[in-house]
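Only one structure is covered here, and it is reproduced in the block below.
2 protein chains.
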Amino acid sequence: MSIPPSEHIFRHYEEELVQLQGRLLVMGGFAEERLGQALHAAVQRDVALAEQVIAGDEPINTLHKEIDDRCFKLLALRQPLAVDLRSILAAVKINTDLERVGDLAVNIAEAVRRYLHHPPVKELVDLPRMAAIAQSMLRDALDAFVRRDVDLAQRVLDQDDELDALKRQVFRDLLGVMFSRPATIEPSLDLLLISRHLERVGDHATNVAEDIIFMVSARDVRHVPERPA
Amino acid sequence: MSIPPSEHIFRHYEEELVQLQGRLLVMGGFAEERLGQALHAAVQRDVALAEQVIAGDEPINTLHKEIDDRCFKLLALRQPLAVDLRSILAAVKINTDLERVGDLAVNIAEAVRRYLHHPPVKELVDLPRMAAIAQSMLRDALDAFVRRDVDLAQRVLDQDDELDALKRQVFRDLLGVMFSRPATIEPSLDLLLISRHLERVGDHATNVAEDIIFMVSARDVRHVPERPA
């Protein structure tokens, strides 16, 4: 039995969209893993692991270009409409956000490497918690993308508030440490920087979640002043 | 004389692309202006101006949605190919970058407002210089977009090195200040934060420049390890 051409094209197209999704998940998995490694390096004082994160950006950058290229070809060759067009535009944006998360993992690992030149400033508790939230936001955002799950995307937006609260906590703690022990100013600044980078990972996961809500519902939730807590 | 339908469509389409460009320029102009105001508020110790920047994000957010919508409709209704498709995808990405620059202007103004609660830490020289470079990068990137000027886009990439050098200078200076006068730690942190935000404005201008090089030449210069200085 031969498949009629139009159905063949349709199937092939669906398959391409599924592949595109799969590549974004691979990229998200890399980004999440690298964030985890960077924080593990900080807690375990493992300079070699930090170096590994710093040197290991290549797979994400390669995927970034490949996914952009897939999106461009899908738009050029398939001329998708409505929800398919919105999905591919969402993929273009999610791809950009994931690439930035990869960059942030490198930035965190660089701050960790500098931090490890100094004796420990304090026990690292809140930063690994921030990282765990940021990783969970990323994972949920990508799950929401695959399952077109607006409720899950909404929960990603809610988690961002927790991340912000922890960031403020970290800031207050470190300000106290620096003030009472000026010798710790330099390494404390690196811890502060790490908390800011983690906050930005949360911002990128938030962007992804907002893109998904738009993709699924064609409803633009960006720049809505009031958001349910 | 009646215009044949195809030419009519063609003209209308060209006109839409020119309008799209125009809207991005307006948005870029707003972003640049707001950055300037935030720094002016810091130098002149003008709390009211900082408040004005914090409260004035609405026009950029409105343009962000409008431009996204224009791009979506152009893709859906015109099904562009080759350079036109690349231009619209570039517009989608540039729109995202400019919106983030708008957010950064707010973040800078918030740091300025906090900073102004304290006596001056030092004369502000390098931060306004950083802002001037970041603004010039944005302006050049948008000019390069309109004129499809790859050389100008390349010069944007080069300016980013200057911005990085100044950021490191600011860091060293403020570290010295905090160390010798712990009472200045809190306001100094806000100055540090402002320098990081300005660095990120430069990153966004760099993204725009890279998108333009891709748009014009279909050459992907992202993630190229060596870049001529």
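Chains Z and X, in that order, give the protein sequences. Just so you know, we're using the working numbering here: the first sequence kicks off at 1 and counts up by one. Just so you know, we're using the working numbering here: the second sequence kicks off at 1 and counts up by one. Glycine residues also receive a C-beta, built at the ideal position from the N, C-alpha and C atoms. Predicted, not measured: the structure shown is a model, and the values here were computed from it.
- Query: Shorter than 9 angstroms from the beta carbon of residue 178 of chain X to some beta carbon of chain Z?
  - Reply: Position 178 of the second sequence, counting from 1, holds the residue named residue 178 of chain X. Interface residue, yes.
- Item | 8 angstroms Cβ cut-off: residues of chain Z touching residue 79 of chain X | By one-based count along the second sequence, residue 79 of chain X stands at place 79. In chain order: 79.
- Query: Rounded to whole angstroms, how far is the Cβ of residue 159 of chain Z from the Cβ of residue 133 of chain Z, which I believe are closer than 8 angstroms?
  - Reply: Within the first sequence, residue 159 of chain Z is the residue found at index 159, counting from 1. Within the first sequence, residue 133 of chain Z is the residue found at index 133, counting from 1. So it is a contact: roughly 6 angstroms between Cβ atoms.
- Applying the criterion that 16 or more other CB atoms from any shown protein chain within 10 Å of the CB defines a buried residue, is residue 197 of chain Z buried or exposed? Taking the first residue of the first sequence as 1, we reach residue 197 of chain Z at position 197. Buried, by the Cβ-count rule.
- Query: Are residue 175 of chain X and residue 189 of chain Z closer than 9 angstroms when you measure CB to CB?
  - Reply: Numbered from its first residue, the second sequence carries residue 175 of chain X at position 175. Numbered from its first residue, the first sequence carries residue 189 of chain Z at position 189. Yes; because the gap between Cβ atoms is below 9 angstroms, this pair is in contact.
- Task: Using beta-carbon positions only, say whether residue 63 of chain Z and residue 30 of chain Z come within less than 9 angstroms of one another.
- Result: Within the first sequence, the letter at position 63 stands for residue 63 of chain Z. Within the first sequence, the letter at position 30 stands for residue 30 of chain Z. Their beta carbons are under 9 angstroms apart, which means residue 63 of chain Z touches residue 30 of chain Z by this criterion.
- Query: Cα separation between residue 187 of chain X and residue 43 of chain X?
  - Reply: The residue labelled residue 187 of chain X in the question sits at position 187 within the second sequence. The residue labelled residue 43 of chain X in the question sits at position 43 within the second sequence. Distance between the alpha carbons of residue 187 of chain X and residue 43 of chain X: 14 angstroms.
- Looking at the structure shown, is residue 97 of chain Z part of a helix, part of a strand, or coil, going by DSSP? Here residue 97 of chain Z corresponds to residue number 97 of the first sequence, with the count starting at 1. Helix at residue 97 of chain Z.
- Query: Which residues of chain Z have a Cβ atom closer than 8 angstroms to the Cβ of residue 222 of chain X, listed in chain order?
  - Reply: On the second sequence, position 222 is the one that residue 222 of chain X refers to. Under the 8 angstroms cutoff, chain Z gives 61, 64 and 65.
- Query: For residue 69 of chain Z, which residues of its own chain have a beta-carbon under 8 angstroms away from its beta-carbon, when the five flanking residues on both sides are left out?
  - Reply: Here residue 69 of chain Z corresponds to residue number 69 of the first sequence, with the count starting at 1. Nothing meets the Cβ criterion.
- Query: Count the other CB atoms within 10 Å of the CB of residue 37 of chain X; is the residue buried (16 or more) or exposed (fewer)?
  - Reply: Taking the first residue of the second sequence as position 1, residue 37 of chain X is located at position 37. Buried.
- Given residue 112 of chain X as reference, the closest of X/148, X/66, X/122 and X/51 once Cα atoms are compared: The sequence position of residue 112 of chain X within the second sequence is 112, counting from 1. Minimum Cα distance to residue 112 of chain X is reached at X/51.
- Message: Using only the alpha-carbon positions, how far apart do residue 58 of chain Z and residue 222 of chain X sit?
- Response: For the purposes of this step, residue 58 of chain Z is taken as residue 58 along the first sequence, with counting starting at 1. For the purposes of this step, residue 222 of chain X is taken as residue 222 along the second sequence, with counting starting at 1. Answer to the nearest angstrom: the Cα atoms are 12 angstroms apart.
- Item | Member of X/130, X/98, X/208 and X/55 whose CA lies at the smallest distance from the CA of residue 65 of chain X | Sequence index remark: in the second sequence, residue 65 of chain X carries index 65 (1-based). The shortest C-alpha separation from residue 65 of chain X is found at X/98.
- Can you have a look at residue 32 of chain Z and say buried or exposed, based on whether 16 or more other CB atoms are within 10 angstroms of its CB? Against the first sequence, residue 32 of chain Z aligns to sequence position 32. With 16 or more Cβ atoms within 10 Å of its Cβ, residue 32 of chain Z is classed as buried.
- Interface partners of residue 76 of chain X on chain Z, CB under 7 angstroms: Residue 76 of chain X sits at position 76 when you count from the first residue of the second sequence. Going along chain Z in sequence order, the residues near residue 76 of chain X (Cβ under 7 angstroms) are 81 and 85.
- In chain order, what residues of the same chain have a beta carbon less than 8 angstroms from the beta carbon of residue 61 of chain X, not counting five sequence neighbours either side? The residue labelled residue 61 of chain X in the question sits at position 61 within the second sequence. Result list for residue 61 of chain X: 99 and 102, in chain order.
- Message: Under DSSP, the alpha helix (DSSP H) around residue 197 of chain X begins and ends at which residues?
- Response: In the second sequence, counting from the first residue as 1, residue 197 of chain X sits at position 197. 185 to 217 is the extent of the alpha helix (DSSP H) around residue 197 of chain X.
- Measure the beta-carbon distance from residue 191 of chain X to residue 104 of chain X and round it to whole angstroms, keeping in mind my assumption that it falls under 8 angstroms. Reading the second sequence from its first residue, position 191 is the one you call residue 191 of chain X. Reading the second sequence from its first residue, position 104 is the one you call residue 104 of chain X. 15 angstroms between Cβ atoms; not a contact.
- Do the region 140 to 147 of chain X and the region 202 to 215 of chain X touch if we need at least three Cβ pairs shorter than 8 angstroms? yes
- Which class does residue 223 of chain Z belong to by DSSP, given the choice of helix, strand or coil? Here residue 223 of chain Z is taken as the residue at index 223 of the first sequence, counted from 1. Correct three-state label for residue 223 of chain Z: coil.
- Does residue 196 of chain X come within less than 9 angstroms of chain Z when only Cβ atoms are used? In the second sequence, the residue the question calls residue 196 of chain X occupies position 196. Answer yes: the Cβ-Cβ gap between residue 196 of chain X and chain Z drops below 9 angstroms somewhere.
- Message: Is there a Cβ of chain Z sitting closer than 9 angstroms to that of residue 92 of chain X, yes or no?
- Response: Here the question's residue 92 of chain X lines up with position 92 in the second sequence. Interface residue, yes.
- Message: Just verifying my parser: in three-state terms, what is the DSSP assignment at residue 117 of chain X?
- Response: As a working note, residue 117 of chain X is residue 117 in the second sequence. Coil at residue 117 of chain X, not helix or strand.
- So residue 177 of chain X packs on residue 106 of chain X, CB below 8 angstroms; how close in whole Å? On the second sequence, residue 177 of chain X is found 177 positions in, with the first residue counted as 1. On the second sequence, residue 106 of chain X is found 106 positions in, with the first residue counted as 1. At roughly 26 angstroms, the Cβ-Cβ gap does not stay under 8 angstroms, so residue 177 of chain X and residue 106 of chain X are not in contact.
- Of the residues Z/20, Z/129 and Z/214, which one's Cα is nearest the Cα of residue 148 of chain Z? Here the question's residue 148 of chain Z lines up with position 148 in the first sequence. With distances taken between Cα atoms, residue 148 of chain Z lies closest to Z/214.
- Distance, Cα to Cα, residue 137 of chain Z vs residue 12 of chain X? The count along the first sequence starts at 1 and reaches residue 137 of chain Z at position 137. The count along the second sequence starts at 1 and reaches residue 12 of chain X at position 12. Roughly 43 angstroms between the two C-alpha positions.
- Item | Collapsed DSSP secondary structure at residue 59 of chain X in the structure displayed | Position 59 of the second sequence holds residue 59 of chain X. Residue 59 of chain X: helix per DSSP, three-state reduction.
- Message: For the alpha helix (DSSP H) containing residue 148 of chain X, name the first residue and the last one.
- Response: Working through the second sequence from its first residue, we reach residue 148 of chain X at position 148. Taken as a continuous stretch (DSSP letters only), residue 148 of chain X belongs to no alpha helix (DSSP H), as it is neither H nor E.
- Task: Could you say which of X/139, X/41 and X/171 lies nearest to residue 156 of chain X if we only look at CA atoms?
- Result: For this step, residue 156 of chain X is matched to residue 156 along the second sequence. Closest by alpha carbon: X/139.
- For residue 204 of chain X, is the classification buried or exposed, using 16 other Cβ atoms within 10 angstroms of its Cβ as the cut-off for buried? Reading the second sequence from its first residue, position 204 is the one you call residue 204 of chain X. It is buried - the Cβ of residue 204 of chain X has at least 16 other Cβ atoms within 10 Å.
- Task: Going by CA-CA distance only, name the one from Z/88, Z/28, Z/83 and Z/115 that's closest to residue 184 of chain Z.
- Result: Translated into positions along the first sequence, residue 184 of chain Z becomes position 184. Nearest option by C-alpha distance: Z/115.
- Task: Note down, in chain order, each residue of its chain lying with its Cβ closer than 7 angstroms to the Cβ of residue 94 of chain X, except the 5 sequence neighbours on either side.
- Result: Residue 94 of chain X sits at position 94 when you count from the first residue of the second sequence. Within the same chain, residue 94 of chain X has close Cβ partners 24, 145, 208 and 211.
- Item | Buried versus exposed, by CB contacts within 10 Å (16 or more), residue 19 of chain Z | By 1-based counting over the first sequence, the position of residue 19 of chain Z is 19. Per the 10 Å Cβ criterion, exposed.
- Item | residue 72 of chain Z at chain X interface by Cβ criterion, 9 angstroms | In the first sequence, residue 72 of chain Z corresponds to position 72, counting from 1. Output row for residue 72 of chain Z: interface = yes.
- Message: Let's test the definition: count the other Cβ atoms within 10 Å of the Cβ of residue 195 of chain X and tell me whether it reaches 16, buried, or not, exposed.
- Response: Indexing the second sequence from 1 puts residue 195 of chain X at position 195. Counting Cβ neighbours within 10 Å, residue 195 of chain X comes out buried, since at least 16 surround it.
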